[in-house]
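Before any comments, here is the structure.
In my numbering, the protein residues as written are 9 to 610.
Below is the structure:
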């Protein structure tokens, strides 16, 4: 019996006992590929030597000092690093413990800024529907996810929401991207005028909408127009880059690609890489000077803000990103990722949209491509994917919610880089042949598996988004689930999945397969071939996305070598060193070393 109030009551969670590199190991010894980086946090993997060394050094020096009495050298260094890399006009950093706390602090900064300026009537906050800014009351009020907000609505401050900039759902036929971006941005000005000139204090938005909508970038020119509107009406612009920031989109801050800068910006997650809880608010010089020339203090604070251990972790992570030139590699790998996603999924009948920036990419899955109709919530696709993935030692990060305005739950599924080797040979094989143990494998740096919605009114159907970091992910989650691969020690899952399959001219049902396999009577002859009608097999409209079967058991060692080759070749450009202990520089040396290790374990 546990005395912890877990998020889900009534189930049993595995106990995480350790982690190294890409994997988390539970108390039974089972290994899980951390494909989601937790909640999109572990951008350098687990046990990175540079970060752990920095933490040990700081722990020996000083673990804690209250910021009401002291500053610390490591906090000052981290702030210097953040401001040196910040957008133009950002002059100071306020260090906190996480993303929700950062949003809370930013909202209070905006309010106090106008009080210091003698404009106390500015109290309204405008945000966007289908957004997420955190789970504390202020952050929850700013978010536009009605499923999360509903139980606590009596406690939330009044926040006004406008439509998101979501071209796939709301761009009109024949409307250019620039025209749509301008139209979407003009909704902000209309709401400001509706609330009354001089009464709005801030507009809050994610630069690239992450979890809730599935990596939705703004239309061209949208944020420049937003910046113009905020300046015209004296409204502060708060950009939430807790998920999309710190390198995930190919630049350290996603707003760099928009050609504008905010007044306040929140960061977290990739700031500390999960080694310590840390976030920050980056604020403009004009905000700092209003405090300095007015009351002389910011009326806010928490016990663990600016914690020395957290600052040491954040500084080490950011120095590693710079030293290993990871931002350039995110851009290179992101371009390859986008091209491969289009090649593999562009014509799939259940893929409605492929979108994102850098290694922050998503594939939106729909039940009906022509109408963009989402899936029925009763199918609980998100829960099925999570359960199947965890059973195979793969971590994704799903959520679900009922969508009252649409009829179900569309989804955006993360995918990954496809390796180049043997592509022509793979393409000449039939789909059934490709399903065997020599199929093309691939990896993705730090996939974020997220189940969210595309509904602009705030309800969350299913999405699974991919993001940038240094964790690796098998090329396509649907492919992994469909093929039900045995898991080699380093990457995939050992446990077979129940599904229909054909072998030696005979079809076996999902229920019969485990029993016959245990009796030794279900041995495939040659390469296993999937049933041709996925609907008949699974009873699921997504068909191939969830269909699974077993490859032949004696293919484990060759499959493992193929996986290792794919992992090294696809990731070497993005991972100059491997946190799990590999320090050789070239991909071929890594591959040789891994093969030697695998040969000793077989």
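Even for Gly, the Cβ is constructed at its ideal location relative to N, Cα and C.
For residue j and residue i, the rounded distance between their alpha carbons
i	j	result
residue 271	residue 245	5 Å
residue 549	residue 352	The predicted model places residue 549 with a pLDDT of 37, which falls under 50 and marks its position as unreliable; any figure quoted below should be read in that light. Roughly 19 Å separates the two Cα atoms.
residue 243	residue 97	16 Å
residue 326	residue 86	9 Å
residue 130	residue 206	6 Å
residue 584	residue 332	Here residue 584 scores only 32 on pLDDT, less than 50, and its place in the model should not be relied on; the value that follows carries that caveat. Roughly 7 Å between the two C-alpha positions.
residue 384	residue 347	30 Å
residue 93	residue 256	15 Å
residue 115	residue 210	8 Å
residue 18	residue 12	12 Å
residue 220	residue 75	34 Å
residue 105	residue 313	6 Å
residue 399	residue 88	44 Å
residue 374	residue 395	21 Å
residue 45	residue 10	25 Å
residue 362	residue 175	12 Å
residue 172	residue 37	44 Å
residue 22	residue 35	7 Å
residue 8	residue 192	The structure shown does not extend to residue 8, since the chain is modelled only from 9 through 610, so no value can be given for it.
residue 65	residue 316	11 Å
residue 276	residue 386	34 Å
residue 113	residue 309	8 Å
residue 578	residue 345	The predicted position of residue 578 is uncertain, since its pLDDT is 33 and thus under 50; a value taken from the coordinates is nonetheless stated next. Their backbone Cα atoms lie some 11 Å apart in a straight line.
residue 432	residue 258	Low confidence applies to residue 432: its pLDDT is 34, below 50, so where it sits in the model is not reliable, and the reading given next is rough at best. Straight-line Cα distance between these residues: approximately 30 Å.
residue 72	residue 63	12 Å
residue 264	residue 20	43 Å
residue 226	residue 77	43 Å
residue 300	residue 126	15 Å
residue 321	residue 285	9 Å
residue 350	residue 307	50 Å
residue 128	residue 274	24 Å
Buried versus exposed call for residue i [16 or more other C-beta atoms within 10 Å across all chains shown]
i	result
residue 248	buried
residue 15	exposed
residue 378	exposed
residue 188	buried
residue 177	buried
residue 240	exposed
residue 54	buried
residue 369	buried
residue 233	buried
residue 294	exposed
residue 355	exposed
residue 372	buried
residue 305	exposed
residue 278	buried
residue 52	buried
Boundaries of the alpha helix (DSSP H) in which residue i is found, first to last residue
i	result
residue 405	It is not in any alpha helix (DSSP H) - residue 405 carries neither H nor E in the DSSP assignment.
residue 375	That residue, residue 375, is in no alpha helix (DSSP H); it is neither H nor E in DSSP.
residue 118	107-124
residue 185	185-203
residue 296	293-301
residue 340	334-353
residue 61	57-69
residue 396	389-399
Segment limits, beta strand (DSSP E) that includes residue i
i	result
residue 611	Since the displayed the chain opens at 9 and closes at 610, residue 611 lies outside it and no answer follows.
residue 365	359-365
residue 234	Taken as a continuous stretch (DSSP letters only), residue 234 belongs to no beta strand (DSSP E), being part of the alpha helix (DSSP H) at 230-241.
residue 32	31-34
residue 678	Here the chain covers residues 9 to 610 and nothing more, so residue 678 does not appear.
residue 167	167-170
residue 272	272-275
residue 87	Where residue 87 is concerned, there is no enclosing beta strand (DSSP E), although the alpha helix (DSSP H) it sits in stretches over 81-92.
residue 39	39-41
residue 78	Segment: none, residue 78 is in no beta strand (DSSP E) and carries neither H nor E.
residue 213	208-214
residue 245	244-248
CB-CB length for residue i against residue j, believed under 8 Å
i	j	result
residue 169	residue 142	With 8 Å as the limit, residue 169 and residue 142 do not qualify as a contact, their Cβ atoms being about 15 Å apart.
residue 224	residue 216	7 Å
residue 80	residue 70	7 Å
residue 136	residue 213	6 Å
residue 287	residue 109	6 Å
residue 58	residue 319	15 Å between Cβ atoms; not a contact.
residue 102	residue 289	4 Å
residue 186	residue 229	5 Å
Near the ligand MN: residue i beta-carbon under 8 Å from a heavy atom
i	result
residue 296	Among the components of this structure there are no ligands whatsoever, and the ligand MN is therefore not found.
Exercise for review: Output the residue ranges of the alpha helix (DSSP H) runs that lie fully inside the region 132-158 and measure 4 residues or longer, sorted by chain position.
Suggested key: 145-150 and 154-157
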